[in-house]
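Those sequence lines, one after another, are chains Z and P. With this note's numbering applied, the first sequence covers 104 to 428. With this note's numbering applied, the second sequence covers 104 to 428. I have placed the structure first, in the form of structure tokens, so that the comments after it can refer back to it.
Protein chains: 2
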Amino acid sequence: MREQDLSLNRLFEEERPRIQRALEEAVGLLPAPVREIGAYVLLAGGKRLRPLMTLVSARLLGCNAPDLYRLCAVPEMIHAASLLHDDILDEADTRRGRVSAHTRFGLRPALLAGDAMLALADCEVTVFERADMVECVSDAMMRTVAGEAHEIALQGSLSHGEEEYIDMVTGKTGWLLRASCRLGALYAGAEARLVSALSDFGLYAGIAFQIVDDALDFADASVTGKPCGGDLREGKFTPPLMHYVGGLNERERAAFGEKFATGSFSEEEVARIAAIIRERGYDRATRSLADGYLRRAETCLAMLPETPERNVLREVIPFIRNREK
Amino acid sequence: MREQDLSLNRLFEEERPRIQRALEEAVGLLPAPVREIGAYVLLAGGKRLRPLMTLVSARLLGCNAPDLYRLCAVPEMIHAASLLHDDILDEADTRRGRVSAHTRFGLRPALLAGDAMLALADCEVTVFERADMVECVSDAMMRTVAGEAHEIALQGSLSHGEEEYIDMVTGKTGWLLRASCRLGALYAGAEARLVSALSDFGLYAGIAFQIVDDALDFADASVTGKPCGGDLREGKFTPPLMHYVGGLNERERAAFGEKFATGSFSEEEVARIAAIIRERGYDRATRSLADGYLRRAETCLAMLPETPERNVLREVIPFIRNREK
Chain Z
104 MREQDLSLNR
114 LFEEERPRIQ
124 RALEEAVGLL
134 PAPVREIGAY
144 VLLAGGKRLR
154 PLMTLVSARL
164 LGCNAPDLYR
174 LCAVPEMIHA
184 ASLLHDDILD
194 EADTRRGRVS
204 AHTRFGLRPA
214 LLAGDAMLAL
224 ADCEVTVFER
234 ADMVECVSDA
244 MMRTVAGEAH
254 EIALQGSLSH
264 GEEEYIDMVT
274 GKTGWLLRAS
284 CRLGALYAGA
294 EARLVSALSD
304 FGLYAGIAFQ
314 IVDDALDFAD
324 ASVTGKPCGG
334 DLREGKFTPP
344 LMHYVGGLNE
354 RERAAFGEKF
364 ATGSFSEEEV
374 ARIAAIIRER
384 GYDRATRSLA
394 DGYLRRAETC
404 LAMLPETPER
414 NVLREVIPFI
424 RNREK
Chain P
104 MREQDLSLNR
114 LFEEERPRIQ
124 RALEEAVGLL
134 PAPVREIGAY
144 VLLAGGKRLR
154 PLMTLVSARL
164 LGCNAPDLYR
174 LCAVPEMIHA
184 ASLLHDDILD
194 EADTRRGRVS
204 AHTRFGLRPA
214 LLAGDAMLAL
224 ADCEVTVFER
234 ADMVECVSDA
244 MMRTVAGEAH
254 EIALQGSLSH
264 GEEEYIDMVT
274 GKTGWLLRAS
284 CRLGALYAGA
294 EARLVSALSD
304 FGLYAGIAFQ
314 IVDDALDFAD
324 ASVTGKPCGG
334 DLREGKFTPP
344 LMHYVGGLNE
354 RERAAFGEKF
364 ATGSFSEEEV
374 ARIAAIIRER
384 GYDRATRSLA
394 DGYLRRAETC
404 LAMLPETPER
414 NVLREVIPFI
424 RNREK
């Protein structure tokens, strides 16, 4: 690693302790009865991509106030709360190789811990006394929930295409990564076109991130460490499955549709379909769909000042593109 | 009814259609997949006490902008979202004599509809571009969740007393009624001491409201229309039960504690304990506890201008005190 370069990985490593401390402080502000759950889901690790985007966005625009760490905990809290409620919705027993929070602490405390993290995210951004930052967070929460609700409405159905899928992931994942970047840019007090460029960068990166995530759902479990084909089991019609279904004849498609609607694929069927998706390169084709959004994200970067932080954001693009788990 | 008087009941009737319209407009802003659930819980009726408090508070301080109706939908959305999540937490099959939302629409859509209403409440107050109003809503959400989490932490235990109970209901119910009044006062641009007086009025009224609610839990089901003794079944140690347990000997208390912790009272036992609570006047004694807070609420009113709206707020006190269902 060259000394003068600011690399994404180095930044991840360097900033992790300070981001962790900011998250610990946030956990300390949660109501006592849900604090342990907050710590369980918020301090467990993870890529910390959202806090890092907030930090880098602000610094790119010349702001490096110490309060930035407090700010960057905000999108991570919303992210953690949404995973927590997601796991309740999906009845998921595990998350990142650990027992899920609601399985460990019970449904009721877990649901409330999620509500508390959302409320705390609100309170924490309010501290900055900036209407535009508050609006950014409220909008992101609303769009994220709307995306999740959209996903549930589509579940089990094969009748939607790529366009509606993109619309859904824009809400579910795009808006919060957008907010992560936008919060940093707004806090830096940058002019509107720079704030827009960073917001759009975050939005497109977020969409691409989710598309790649959905490609990875059919990757080899021995590489990802996650069970393969969860989306197939849960009736989530993602691009790899759209490709797969596109290759079926009418009769096969009807049989597939029935099992998809009822979530009744056997483990053998899931494994067989995942193998076909990999063999036929449908996961690679899905990554190509992500490429289109990553190119748009790159275009946004061209509008920003040439700084070491801009290079870090440029590295986010292959990081998302080539992620193997 | 005298013509020159502004009575609470007349106001309820007069304002109901406009409050309803504001709530309908809010429902229209929810994500499409959860809109039906939002309508189900938000447009079903109810006392509309929170919106009315916002309206009356603003008018009392000389503000009657048409936007007030939009504002007064905010606390009602938070209230409805918290009932929705509550019913999921309590596995309640019914609410106000109807099938509960999660029973009708499913757990996942209902949970997300609650999240969406909270996010929308945030967005809707942000529209007013007033940092103090945004802070008021964030604080209220946080304190409400904290109160709910506190309640769950206390569940099944007999080891806390009146003081901790009051602390819990202050969060669970007090802060949102406080916010309902405070939002109106802030929007009116009133000076700080008037905003404080109205906020405190709302807080004390809210605490009293919950205490009376907990007394009503042991009232005759034929009067309230709700099943009697729910708190006993759910292990919620409220003032009527504190009085009841205070009258037991050590052996009886241990036996009660065991069933209370495990929620294993038979229907006959619940009916018998409720009858004793009524016979011995423990529900009346509980209303006396509420009286202390209602007196404090009344003291706050003395600091406010003498207007017809102040008289309406004065009527809220016996309304809370004498409620029979």
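Note that the Cβ used here is the ideal one computed from N, Cα and C, for glycine as well. Every value quoted in this text rests on a predicted model; they were computed, and no experiment measured them.
Using beta-carbon positions only, say whether residue i and residue j come within less than 9 Å of one another.
i: Leu221 of chain P; j: Asp323 of chain Z; result: no
i: Thr229 of chain P; j: Ser241 of chain Z; result: yes
i: Gly332 of chain Z; j: Phe340 of chain Z; result: no
i: Ile181 of chain P; j: Met244 of chain P; result: yes
i: Arg246 of chain P; j: Thr273 of chain P; result: yes
i: Val177 of chain P; j: Ala224 of chain P; result: yes
i: Leu54 of chain Z; j: Val348 of chain Z; result: Since the first and last residues shown for chain Z are 104 and 428, residue 54 of chain Z lies out of range.
i: Gly287 of chain P; j: Ala161 of chain P; result: yes
i: Ala44 of chain P; j: Pro136 of chain Z; result: Residue 44 of chain P is absent from the model: chain P starts at 104 and stops at 428.
i: Phe208 of chain Z; j: Ile140 of chain Z; result: yes
i: Gly264 of chain Z; j: Ser283 of chain Z; result: no
i: Asp317 of chain Z; j: Asp303 of chain Z; result: no
i: Leu186 of chain P; j: Ile314 of chain P; result: no
i: Glu254 of chain P; j: Met271 of chain P; result: yes
i: Arg383 of chain Z; j: Gly350 of chain Z; result: yes
i: Thr410 of chain Z; j: Leu163 of chain Z; result: yes
i: Arg336 of chain Z; j: Phe312 of chain Z; result: no
i: Leu109 of chain Z; j: Asn425 of chain Z; result: no
i: Val144 of chain Z; j: Ala183 of chain Z; result: yes
i: Glu412 of chain P; j: Val202 of chain P; result: no
i: Arg173 of chain Z; j: Glu227 of chain Z; result: yes
i: Leu192 of chain P; j: Leu192 of chain Z; result: no
i: Arg151 of chain P; j: Arg124 of chain P; result: no
I want to verify the contact list: residues of chain P whose CB lies under 8 Å from the CB of residue i, in sequence order.
i: Asp170 of chain Z; result: Here the premise fails: no neighbours, minimum Cβ distance about 16 Å.
i: Arg151 of chain Z; result: Result: empty, since nearest Cβ-Cβ is about 23 Å, beyond 8 Å.
Quick check on this structure: which residue in the options has the alpha carbon closest to the alpha carbon of residue i?
i: Gly277 of chain Z; options: Z:Pro330, Z:Ala400 and Z:His188; result: Z:Ala400
i: Glu116 of chain P; options: P:Leu155, P:Leu145 and P:Ala142; result: P:Leu155
i: Ile122 of chain Z; options: Z:Arg138, Z:Pro134, Z:Arg113 and Z:Leu146; result: Z:Leu146
i: Gly259 of chain P; options: P:Phe363, P:Asp394, P:Glu355 and P:Glu238; result: P:Phe363
i: Leu301 of chain Z; options: Z:Arg424, Z:Arg285 and Z:Asn352; result: Z:Arg285
i: Tyr396 of chain Z; options: Z:Glu382, Z:Leu344, Z:Ile423 and Z:Lys428; result: Z:Ile423
i: Glu427 of chain Z; options: Z:His188, Z:Gly328, Z:Arg336 and Z:Ala388; result: Z:Gly328
i: Ser262 of chain P; options: P:Pro212, P:Ala125 and P:Met345; result: P:Met345
i: Arg356 of chain Z; options: Z:Glu371, Z:Met236 and Z:Ile376; result: Z:Ile376
i: Asp252 of chain Z; options: P:Pro134, P:Asp386 and P:Ile191; result: A small fix is needed here, since residue 252 of chain Z is Ala in this sequence, not Asp. The shortest C-alpha separation from Ala252 of chain Z is found at P:Pro134.
i: Gly148 of chain Z; options: Z:Gly200, Z:Asp170, Z:Gly165 and Z:Leu279; result: Z:Gly200
i: Leu210 of chain P; options: Z:Glu370, Z:Tyr268, Z:Asp189 and Z:Leu171; result: Z:Asp189
i: Met236 of chain Z; options: Z:Leu279, Z:Pro212 and Z:Gly131; result: Z:Leu279
i: Asp170 of chain P; options: P:Ile379, P:Thr197, P:Glu238 and P:Tyr290; result: P:Tyr290
i: Glu266 of chain P; options: P:Arg387, P:Pro342 and P:Asp394; result: P:Pro342
i: Ala308 of chain P; options: P:Arg281, P:Arg233, P:Leu297 and P:Arg296; result: P:Arg281
What in chain Z is Cβ-close to residue i, meaning under 9 Å?
i: Glu232 of chain P; result: Ala234 and Glu238
Can you name the residues of chain C whose CB is closer than 7 Å to the CB of residue i?
i: Ala256 of chain Z; result: In the structure shown, chain C does not exist; the protein chains are Z and P.
Taking C-beta pairs closer than 7 Å, name the residues in chain P that residue i reaches, listed in chain order.
i: Thr402 of chain Z; result: Near Thr402 of chain Z there are no residues of chain P at all, since even the closest Cβ is about 29 Å away, more than 7 Å.
Along chain P, which residues have their Cβ under 9 Å away from the Cβ of residue i?
i: Cys166 of chain Z; result: The contacting residues do not exist; Cys166 of chain Z stays about 20 Å from chain P at best.
Compute the minimum distance between the beta carbon of residue i and the heavy atoms of the ligand NAD, and state whether it is under 8 Å.
i: Phe422 of chain P; result: Inclusion of the ligand NAD in the displayed structure is not the case, the ligand content being empty and no account of it being possible.
Within 7 Å of chain Z by C-beta, residues of the region 238-253 of chain P in sequence order: Glu238, Ser241, Asp242, Met244, Met245, Val248, Ala249, Glu251, Ala252 and His253
Counting only Cβ-Cβ distances shorter than 7 Å, please list the residues of the region 183-202 of chain P near chain Z, keeping chain order. His188, Ile191 and Leu192
Could you tell me which uninterrupted alpha helix (DSSP H) segments, each at least 4 residues in length, are contained entirely in the region 207-251 of chain P, listed from first to last along the chain? 210-229
Near-chain P residues of the region 136-148 of chain Z (beta-carbon distance less than 7 Å), N- to C-terminal order: Pro136 and Val137
Alpha helix (DSSP H) runs contained entirely in the region 299-350 of chain Z, provided each spans 4 or more residues: 324-327, 333-336 and 342-349
Residues of the region 266-277 of chain P whose Cβ lies closer than 7 Å to any Cβ of chain Z, in chain order: none
Going residue by residue through the region 340-428 of chain Z, where are the continuous beta strand (DSSP E) segments of at least 3 residues, counting only ones entirely within it? none
So if I threshold CB-CB distances at 7 Å, which residues from the region 208-228 of chain Z count as touching chain P? Arg211, Pro212, Leu214, Leu215, Asp218, Ala219, Leu221, Ala222, Leu223, Asp225 and Cys226
Whole runs of the alpha helix (DSSP H) within the region 152-216 of chain Z, excluding any shorter than 4 residues: 152-163, 171-192 and 204-208
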